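Only one structure is covered here, and it is reproduced in the block below.
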Amino acid sequence: MQMPDPDRAILARKDRIVARLREVLPADAVISDEAETRAYECDALTAYKCPPLAAVLPSSTQEVSAVLKVCHAEGVPVVPRGAGTSLAGGAMPTADSVILGVARMNEVLETDYANRFIRVQTGRTNLSVSGAVEERDFFYAPDPSSQLACAIAGNIAMNSGGAHCLKYGVTTNNLLGVTMVMMDGAVVEIGGAHLDAAGLDLLGLICGSEGQLGVVTEATLRILHKPEGARPVLMGFDNNEVAGQCVSDIIKAGILPVAIEFMDRPCIRATEAFAGAGYPDCEALLIVEVEGSEAEIDAQLERILAIARTHNPMELRESTSAEESARIWLGRKSAFGAMGQINDYMCLDGTIPVSQLPYVLRRISELSKDYGLDVGNVFHAGDGNMHPLILFDANKPGDLEKCEAMGADILRLCVEVGGCLTGEHGVGIEKRDLMVDQYATEDLDIQMAVKDVFDPKWLLNPAKVFPLASSAARRMAAQ
Amino acid sequence: MTIPKSEAELAAVIADAKGALRIRGGGTRPVGKAGSGEVVCTQGLSGVMLYEPGALTLVAQAGTPLTAVEDALRAENQRLAFEPMDHRAVLGTDGVPTIGGVVAANASGPRRIQVGACRDSLLGVRFVDGAGRVIKNGGRVMKNVTGYDLVKLMAGSWGTLGVLSEVSLKVQAVPEAEATLVADGVSAKTAVSALSAALGSPYDVSGAAFISDGGKALVRVEGLAESVAYRVRQLQADACAGWSVVEADSSATLWSDVRDVRPLIGREGAVWRISVKPSDAPNVLEKLGNPEAVCDWGGGLIWAVVSETLNVRDQLAGFGGHASLIKGGGAFSSFHPEPAPLAAISKGLRAKFDPRGILNPGLMA
Ligand SMILES: Cc1cc2nc3c(=O)[nH]c(=O)nc-3n(C[C@H](O)[C@H](O)[C@H](O)COP(=O)(O)OP(=O)(O)OC[C@H]3O[C@@H](n4cnc5c(N)ncnc54)[C@H](O)[C@@H]3O)c2cc1C
Numbered sequence: 001m002q003m004p005d006p007d008r009a010i011l012a013r014k015d016r017i018v019a020r021l022r023e024v025l026p027a028d029a030v031i032s033d034e035a036e037t038r039a040y041e042c043d044a045l046t047a048y049k050c051p052p053l054a055a056v057l058p059s060s061t062q063e064v065s066a067v068l069k070v071c072h073a074e075g076v077p078v079v080p081r082g083a084g085t086s087l088a089g090g091a092m093p094t095a096d097s098v099i100l101g102v103a104r105m106n107e108v109l110e111t112d113y114a115n116r117f118i119r120v121q122t123g124r125t126n127l128s129v130s131g132a133v134e135e136r137d138f139f140y141a142p143d144p145s146s147q148l149a150c151a152i153a154g155n156i157a158m159n160s161g162g163a164h165c166l167k168y169g170v171t172t173n174n175l176l177g178v179t180m181v182m183m184d185g186a187v188v189e190i191g192g193a194h195l196d197a198a199g200l201d202l203l204g205l206i207c208g209s210e211g212q213l214g215v216v217t218e219a220t221l222r223i224l225h226k227p228e229g230a231r232p233v234l235m236g237f238d239n240n241e242v243a244g245q246c247v248s249d250i251i252k253a254g255i256l257p258v259a260i261e262f263m264d265r266p267c268i269r270a271t272e273a274f275a276g277a278g279y280p281d282c283e284a285l286l287i288v289e290v291e292g293s294e295a296e297i298d299a300q301l302e303r304i305l306a307i308a309r310t311h312n313p314m315e316l317r318e319s320t321s322a323e324e325s326a327r328i329w330l331g332r333k334s335a336f337g338a339m340g341q342i343n344d345y346m347c348l349d350g351t352i353p354v355s356q357l358p359y360v361l362r363r364i365s366e367l368s369k370d371y372g373l374d375v376g377n378v379f380h381a382g383d384g385n386m387h388p389l390i391l392f393d394a395n396k397p398g399d400l401e402k403c404e405a406m407g408a409d410i411l412r413l414c415v416e417v418g419g420c421l422t423g424e425h426g427v428g429i430e431k432r433d434l435m436v437d438q439y440a441t442e443d444l445d446i447q448m449a450v451k452d453v454f455d456p457k458w459l460l461n462p463a464k465v466f467p468l469a470s471s472a473a474r475r476m477a478a479q
Numbered sequence: 001m002t003i004p005k006s007e008a009e010l011a012a013v014i015a016d017a018k019g020a021l022r023i024r025g026g027g028t029r030p031v032g033k034a035g036s037g038e039v040v041c042t043q044g045l046s047g048v049m050l051y052e053p054g055a056l057t058l059v060a061q062a063g064t065p066l067t068a069v070e071d072a073l074r075a076e077n078q079r080l081a082f083e084p085m086d087h088r089a090v091l092g093t094d095g096v097p098t099i100g101g102v103v104a105a106n107a108s109g110p111r112r113i114q115v116g117a118c119r120d121s122l123l124g125v126r127f128v129d130g131a132g133r134v135i136k137n138g139g140r141v142m143k144n145v146t147g148y149d150l151v152k153l154m155a156g157s158w159g160t161l162g163v164l165s166e167v168s169l170k171v172q173a174v175p176e177a178e179a180t181l182v183a184d185g186v187s188a189k190t191a192v193s194a195l196s197a198a199l200g201s202p203y204d205v206s207g208a209a210f211i212s213d214g215g216k217a218l219v220r221v222e223g224l225a226e227s228v229a230y231r232v233r234q235l236q237a238d239a240c241a242g243w244s245v246v247e248a249d250s251s252a253t254l255w256s257d258v259r260d261v262r263p264l265i266g267r268e269g270a271v272w273r274i275s276v277k278p279s280d281a282p283n284v285l286e287k288l289g290n291p292e293a294v295c296d297w298g299g300g301l302i303w304a305v306v307s308e309t310l311n312v313r314d315q316l317a318g319f320g321g322h323a324s325l326i327k328g329g330g331a332f333s334s335f336h337p338e339p340a341p342l343a344a345i346s347k348g349l350r351a352k353f354d355p356r357g358i359l360n361p362g363l364m365a
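Residue numbers (the UniProt record's numbering), protein chains in the order written: chain F, 1 to 479; chain W, 1 to 365.
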C-alpha cells in the first residue's frame with residue numbers, strides 16, 4: 001500500500017511539536033515515546049502498520065480544540081481515532097501525524113426519554129450507549145458486530161451498520177446532532193435534539209466522512225424502546241439462486257424482518273466444524289429474525305414460512321425456545337472466528353442489488369478457482385451488503401498480494417452489477433485506489449472540493465478515501 | 001423558460017448560462033425568495049428508469065411526476081415510506097409535483113418519526129452543478145458508504161447546489177392494515193405527553209400528531225392485521241387510555257390531512273414551519289399566543305398560522321430549534337439564519353458547487 005512520503009521537516013521538529021502539545025494537555029495525555037506510540041500503529045486492518053509521530057488523549061472538547069490549534073499552526077497532519085476497530089485502515093497513522101484518540105471521552109451527557117435521545121461523548125463504546133438506557137428498556141439501534149469495542153466516534157465517521165439495520169437503519173439514520181472541532185480549532189454545533197437541522201444537511205455530510213472534515217467530540221443519538229421479543233428461523237436451500245429468490249419474495253410480501261442473514265456452503269462447513277451449531281449441510285442458509293410480541297412473531301413467521309415452503313427448502317427450523325434461538329445464531333456469530341481458525345482472511349464489504357446475488361456468487365466462485373484461494377460468503381442479504389471472506393496464508397510469500405488482487409476483482413464486480421465498493425466498513429486506505437472504478441473524475445473532484453472547504457490545508461486523516469494520484473494536486477496546493 | 005430534454009442538454013444550459021437561473025420542478029413549492037433569472041424546468045427529464053420491487057428500489061428521472069412514481073409503486077403494493085407532503089393545498093399553488101422537487105425540498109410527512117425523512121430513503125443522485133458538470137453520488141443499493149455522502153447534502157438543498165437529474169430511492173411495502181387512535185378536546189400539553197408515551201412504547205408508532213382545532217391527538221400504528229389490533233389494545237391500555245379507534249381509509253385520510261396541514265388552509269396570517277424538541281411544543285405554542293397549529297412528529301414539527309408581523313424566531317429564543325416561513329410574513333427571511341460558523345461552511349460549499357452563484361441565488365439565504 002503506497003503512502004505519501006512523510007514530511008521530513010515535521011519529523012525533525014518532533015520535540016518542539018510534542019512540547020507544544022504538552023503545554024495544552026495533562027502530562028499523561030501526550031504519548032511520544034516510540035515504544036508506546038506503537039500501540040497506535042494500525043487499526044483492525046493489521047496488514048498495514050506505521051507508528052505515528054505522537055498520540056494524544058484529550059478529555060474534553062476544549063482539549064481537542066487546543067490540540068488542533070497546535071497542529072494547525074505547526075502544519076501537522078492529525079488522524080482521529082476511536083477504538084481502532086476499522087477494517088479499512090481508516091485510523092492508520094502516517095509517520096508525520098499525530099493520533100488524536102477520543103477514548104477518554106466516554107461520558108453520558110444527557111438522557112431524555114420523553115424526547116427519545118441520548119447525548120454522549122464520542123469515545124463511548126457503541127454497546128455502552130445501549131447500556132446507559134437499558135434500565136428503561138431503551139436501546140441505541142445500530143449494532144455493528146464490533147459493538148463491544150467500537151466507539152460512537154468511529155461509527156459516525158464510517159456510518160457503520162449492523163445486523164438489524166434492515167429495520168432500524170444505519171448510523172446516519174439515527175444521528176440527530178454533533179459537536180465537532182474543525183481543524184483550526186473552531187467548535188461547531190450541528191443539529192441537536194430536534195429532528196431536522198436548518199439549512200443544508202451538514203450532519204448528513206459529516207456522517208461517513210471518515211474523520212476528514214472535523215473531529216466529532218459529542219453526539220446526540222436517537223434511542224428507541226426495545227421490542228417485546230425476537231425470534232429467528234433457519235432455512236436451508238440446495239441452491240443459492242433459490243435462497244436469493246426467497247429473500248426477495250419475503251421483502252416483496254411486505255414483511256419487514258429485522259435481519260436476513262445468508263451463509264454459503266464453504267462458510268456453513270467452516271462454522272459447523274468450529275462451532276457445531278447443527279446447521280444442515282446445504283448450499284445456502286438463511287437466518288430470518290422478526291420482532292414483536294409472541295403473537296405478532298407467530299403471525300409474521302407463519303407468512304415467512306409459507307413463502308419459504310414455496311421454494312422447497314431442504315430444512316426449515318423454527319426456534320421454540322431461547323436456547324434454540326441462540327443455537328441458530330451461534331454459527332452466524334462465529335463465522336468470522338471459524339474462518340480465522342482455518343487461515344488468515346480478508347473481509348470484503350461490497351454491496352450489490354439483491355437481484356444480482358446468484359450471478360455474483362457464481363462469479364466469486366470462479367474467481368476463487370482462478371486465484372486458487374478459498375472464499376466463504378456470509379452477509380446481510382436483505383440489503384445486499386456482502387462480506388466475502390478470502391482465505392490466505394500471511395506467511396506464504398505472495399499470498400497477501402494475491403488475496404488483495406482477488407479482493408479488488410470482487411469489489412469491481414460489485415460496482416459492475418450496480419452496487420458499490422463498501423456498504424459499511426468505509427474506504428480508508430484499503431479501497432482508496434478503487435474509488436476510480438466507482439466514481440468518475442468529476443464525482444471525486446466535488447467530494448475533494450468539500451474537503452477543501454472544511455480542511456483547506458488537507459491535514460485531517462491524510463491519504464485516506466481518495467486515490468493519491470487524484471488528490472496530489474490539492475495536497476500540493478494546500479501546503 | 002427552458003425545458004431540457006436530457007441530462008446532457010441540462011448540463012449545456014447551465015454551462016452556457018449568462019446569469020442567474022431559477023430551478024423549477026413542478027413549481028408547487030415556491031418557498032423562499034423567488035429572485036430573478038431564466039427559469040430552467042426539469043419536467044423534460046421524466047420517467048421511471050428502474051424499479052425492482054424485490055429489492056425495494058426505484059430510480060427515476062428528476063422531472064418525473066410524483067403521481068407517476070406513486071402509480072408505479074401502487075401497482076406492486078409499495079409506496080414511498082416518508083409520505084412526502086403536498087405543498088399545493090397550504091400554498092394555494094397548482095401544477096404537478098415532481099420527484100426531484102420532493103427531494104430538493106426534503107419533503108417528508110408524518111412517518112418521519114418512524115422511518116426517517118426523504119433524505120433517509122434517498123440512495124443516490126445524479127445532478128448538474130453550477131458549472132455544468134454532471135455528477136453522481138451514492139447509487140441504487142441500500143447500504144453504501146463509498147466516499148462522502150453528497151446524497152444527504154443534495155436532499156433539502158432547494159436547487160442551490162445543483163440541479164437534480166436522477167434520484168434513486170428506497171421504497172416500502174404497503175402494510176396490510178393501519179389504525180389511528182384519536183382523542184378529542186385535549187390540550188397541547190396533554191396531547192404531547194401522550195404522544196411521547198406512545199412513541200416511547202415498543203409498539204412501533206408510525207404517526208403522532210396534535211391538531212389545535214378541536215384539540216385532536218392522533219397516534220397511528222401500521223402492520224399485519226394481527227399486529228395492528230394488538231398494538232391498538234396495548235396503547236389503549238396505557239398511553240392512549242380512553243381514545244377511540246379509526247381504521248383503514250378513514251385513518252389514512254386523517255394522516256394525509258396532517259401531512260398537507262389541511263387544518264390551516266384558508267386561515268388569515270403567515271404560515272411557519274417550526275422544528276423543536278418535541279416536549280417543547282406546548283410551551284412554544286403558548287409563547288406564540290396559542291395560534292391555530294398542526295403539531296406533527298410527536299410535537300417536534302409545528303405548523304402554525306400567526307400574525308404577518310410576528311417574528312417567530314424571536315419567540316424561539318431559549319428553546320433551540322428553528323423556524324422557516326412558508327407563506328406570507330413578507331418582512332422575514334424564509335429560511336432560518338444559520339449560526340455564523342455553519343453559515344461560513346455553507347457559503348464555502350456553495351462556492352464550490354456553484355462557483356458563479358447562478359443556481360437559485362439567495363433562495364436559502
Ligand atoms: C470483528 C469486527 C466486526 C465488525 N463488524 C462491523 C459491522 O457489523 N458493521 C460495521 O459497520 N462495521 C464493523 N466493523 C468495523 C468497525 O468496527 C467500524 O468501522 C467502527 O465504526 C469503527 O469504530 P472505531 O471507534 O473503532 O473507529 P476507528 O477504527 O478508531 O476509526 C475509524 C474511522 O473513524 C475516524 N474517527 C475516529 N474517531 C473520530 C472522531 N472523533 N472524529 C472524526 N473521525 C473519527 C478515524 O479517523 C477512522 O477513519 C467491524 C470490525 C471488526 C474488527
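Even for Gly, the Cβ is constructed at its ideal location relative to N, Cα and C.
All values derive from a computational prediction rather than experimental measurement.
Quiz item: If you run the structure through DSSP and keep just helix, strand and coil, what is F/Y140?
Solution: As a working mapping, residue 140 of chain F is identified with position 140 in the first sequence. If DSSP states are grouped into helix, strand and coil, F/Y140 belongs with coil.
Quiz item: Which class does F/T279 belong to by DSSP, given the choice of helix, strand or coil?
Solution: Mapped onto the first sequence, residue 279 of chain F falls at position 279. Looking at the sequence itself, residue 279 of chain F is Tyr, so the reference to Thr does not match. Correct three-state label for F/Y279: coil.
Quiz item: F/L11: buried (16+ other C-beta within 10 angstroms of its C-beta) or exposed?
Solution: Mapped onto the first sequence, residue 11 of chain F falls at position 11. When all chains shown are included, F/L11 counts as exposed.
Quiz item: Taking 8 angstroms as the CB-CB cut-off, is F/L53 touching chain W?
Solution: On the first sequence, residue 53 of chain F is found 53 positions in, with the first residue counted as 1. No, because no Cβ of chain W sits closer than 8 angstroms to the Cβ of F/L53.
Quiz item: Listing by chain order, which chain W residues have their CB less than 7 angstroms from the CB of F/V453?
Solution: To locate residue 453 of chain F, count along the first sequence from 1; it is residue 453. Within chain W, the residues near F/V453 are I345, G348, L349, K352.
Practice problem: Output the boundary residues of the beta strand (DSSP E) element that contains F/Q121. | Solution: The count along the first sequence starts at 1 and reaches residue 121 of chain F at position 121. Residues 117-121.
Self-check item: Boundaries of the alpha helix (DSSP H) in which F/P4 is found, first to last residue
Solution: Start at 1 with the first residue of the first sequence, and residue 4 of chain F comes out as number 4. Looking at the DSSP string, F/P4 is not in any alpha helix (DSSP H), and its letter there is neither H nor E.
Quiz item: If you measure from the CB of F/K457, is any heavy atom of ligand 1 nearer than 7 angstroms?
Solution: Position 457 of the first sequence, counting from 1, holds the residue named residue 457 of chain F. Checking the Cβ of F/K457 against ligand 1 gives no.
Quiz item: Does ligand 1 have even one heavy atom less than 7 angstroms from the beta-carbon of F/H311?
Solution: Mapped onto the first sequence, residue 311 of chain F falls at position 311. Result no, Cβ not under 7 angstroms from ligand 1.
Exercise. Look at the alpha carbon of F/T122 and the alpha carbon of F/A322, and state the distance between them as a whole number of angstroms.
Key: Here the question's residue 122 of chain F lines up with position 122 in the first sequence. Here the question's residue 322 of chain F lines up with position 322 in the first sequence. Their Cα atoms are separated by approximately 34 angstroms.
Quiz item: How would you label W/P291, buried or exposed, when you count the other beta carbons within 10 angstroms and need 16 or more for buried?
Solution: Here residue 291 of chain W refers to the residue found at position 291 of the second sequence. W/P291 is buried by the Cβ-count criterion.
Quiz item: Considering only the beta carbon of each residue, do W/L45 and W/G63 sit closer than 8 angstroms?
Solution: Residue numbering aside, residue 45 of chain W sits at position 45 when the second sequence is read from its first letter. Residue numbering aside, residue 63 of chain W sits at position 63 when the second sequence is read from its first letter. Against a cut-off of 8 angstroms, the Cβ pair of W/G63 and W/L45 comes out as a contact.
Practice problem: Would you please state the rounded distance, in angstroms, between the beta carbons of W/E166 and W/R126? I believe it to be under 8 angstroms. | Solution: Taking the first residue of the second sequence as position 1, residue 166 of chain W is located at position 166. Taking the first residue of the second sequence as position 1, residue 126 of chain W is located at position 126. With a Cβ gap of about 4 angstroms, W/E166 and W/R126 count as contacting.
Quiz prompt | Length of the line joining the Cα atoms of W/G37 and F/P257 | solution = To locate residue 37 of chain W, count along the second sequence from 1; it is residue 37. To locate residue 257 of chain F, count along the first sequence from 1; it is residue 257. C-alpha separation (whole angstroms): 50 angstroms.
Practice problem: Might you give, ordered along the chain, the residues of its own chain that have their beta carbon closer than 7 angstroms to the beta carbon of F/H164, omitting 5 neighbours on each side? | Solution: For the purposes of this step, residue 164 of chain F is identified with residue 164 of the first sequence, where counting begins at 1. So the list reads A141, D143, V258, A259, once near-sequence residues are dropped.
Quiz item: When the cut-off is 8 angstroms and only beta carbons count, does W/K137 lie next to chain F?
Solution: In the second sequence, counting from the first residue as 1, residue 137 of chain W sits at position 137. According to the sequence displayed, residue 137 of chain W carries Asn and not Lys. Yes, W/N137 counts as interfacial toward chain F.
Quiz item: How about residue 513 of chain F: is its Cβ closer than 7 angstroms to a heavy atom in ligand 1?
Solution: In the structure as shown, chain F begins at 1 and stops at 479. Residue 513 of chain F is therefore absent and cannot be evaluated.
Self-check item: Uninterrupted alpha helix (DSSP H) stretches inside the stretch 399-447 of chain F (no shorter than 4 residues)
Solution: 399-416, 435-438
Quiz item: By Cβ distance, which residues of its chain are closer than 6 angstroms to W/F335, with the 5 residues on each side in sequence left out?
Solution: Numbered from 1 along the second sequence, position 335 holds the residue referred to as residue 335 of chain W. Excluding residues within five positions, the ones whose Cβ falls inside 6 angstroms are S324, M364.
Quiz item: Does the beta carbon of W/K277 come closer than 8 angstroms to any beta carbon on chain F?
Solution: For the purposes of this step, residue 277 of chain W is identified with residue 277 of the second sequence, where counting begins at 1. True, the Cβ-Cβ gap to chain F drops below 8 angstroms.
Quiz item: Using a beta-carbon distance cut-off of less than 9 angstroms, what residues from the stretch 99-121 of chain F approach chain W?
Solution: D112, Y113, A114, N115, R116, F117
Quiz item: Any beta-carbon of chain F closer than 8 angstroms to the one on W/R119?
Solution: Your numbering for residue 119 of chain W matches position 119 in the second sequence. By this cut-off, W/R119 is an interface position.
Quiz item: Which residues, taken in chain order from the stretch 90-116 of chain W, show a beta carbon closer than 7 angstroms to some beta carbon of chain F?
Solution: R112, G116
Practice problem: Could you tell me which chain F residues have their CB closer than 8 angstroms to the CB of W/N283, listed as they occur along the chain? | Solution: Residue numbering aside, residue 283 of chain W sits at position 283 when the second sequence is read from its first letter. Those do not exist, as W/N283 stays about 13 angstroms from chain F at its closest Cβ, beyond 8 angstroms.
Quiz item: When the Cα atoms are used, what is the spatial distance from W/E268 to F/V120?
Solution: Translated into the one-based positions of the second sequence, residue 268 of chain W becomes position 268. Translated into the one-based positions of the first sequence, residue 120 of chain F becomes position 120. The straight-line gap from Cα to Cα measures roughly 44 angstroms.
Quiz item: Touch check for the stretch 14-27 of chain W and the stretch 199-215 of chain F: three-plus C-beta pairs under 8 angstroms?
Solution: no
Quiz item: For W/R24, is the classification buried or exposed, using 16 other Cβ atoms within 10 angstroms of its Cβ as the cut-off for buried?
Solution: Taking the second sequence and counting its residues from 1, one reaches residue 24 of chain W at position 24. Counting Cβ neighbours within 10 Å, W/R24 comes out buried, since at least 16 surround it.
Practice problem: Give the residues from the stretch 414-442 of chain F that approach chain W closer than 8 angstroms (Cβ to any Cβ), ordered along the chain. | Solution: G418, G419, C420, L421, T422, G423, E424, H425, G426, V427, K431, M435, Q438, Y439, A440, E442
Quiz prompt | F/G162 at chain W interface by Cβ criterion, 8 angstroms | solution = Here the question's residue 162 of chain F lines up with position 162 in the first sequence. No, no contact with chain W.
Practice problem: Taking only heavy atoms of ligand 1 into account, decide whether any of them is closer than 7 angstroms to the Cβ of F/P462. | Solution: Taking the first residue of the first sequence as 1, we reach residue 462 of chain F at position 462. The answer is no for F/P462.
Quiz item: So what does W/N137 bridge to, in DSSP terms?
Solution: To locate residue 137 of chain W, count along the second sequence from 1; it is residue 137. DSSP lists W/V125 as partners of W/N137.
Quiz item: Hey, is W/V134's beta-carbon within less than 8 angstroms of any beta-carbon in chain F?
Solution: The residue given as residue 134 of chain W occupies position 134 in the second sequence. Yes, W/V134 lies at the interface with chain F (some Cβ there is under 8 angstroms from its Cβ).
Quiz item: For residue 480 of chain F and chain W, any beta-carbon pair shorter than 8 angstroms?
Solution: Look at the range of chain F in this structure, 1 to 479, and you will see that residue 480 of chain F is not part of it.
Self-check item: Selection of the stretch 308-333 of chain W by Cβ proximity to chain F, strictly under 7 angstroms
Solution: G320, G321, H322
Practice problem: Kindly list, in the order they appear in chain W, the residues whose Cβ is closer than 8 angstroms to that of F/N159. | Solution: Along the first sequence, one-based indexing puts residue 159 of chain F at 159. By Cβ distance, chain W contributes V145, D149.
Quiz item: If you follow the alpha helix (DSSP H) that F/V247 is part of, which residue opens it and which one closes it?
Solution: Taking the first sequence and counting its residues from 1, one reaches residue 247 of chain F at position 247. Per DSSP, F/V247 belongs to the alpha helix (DSSP H) from 240-252.
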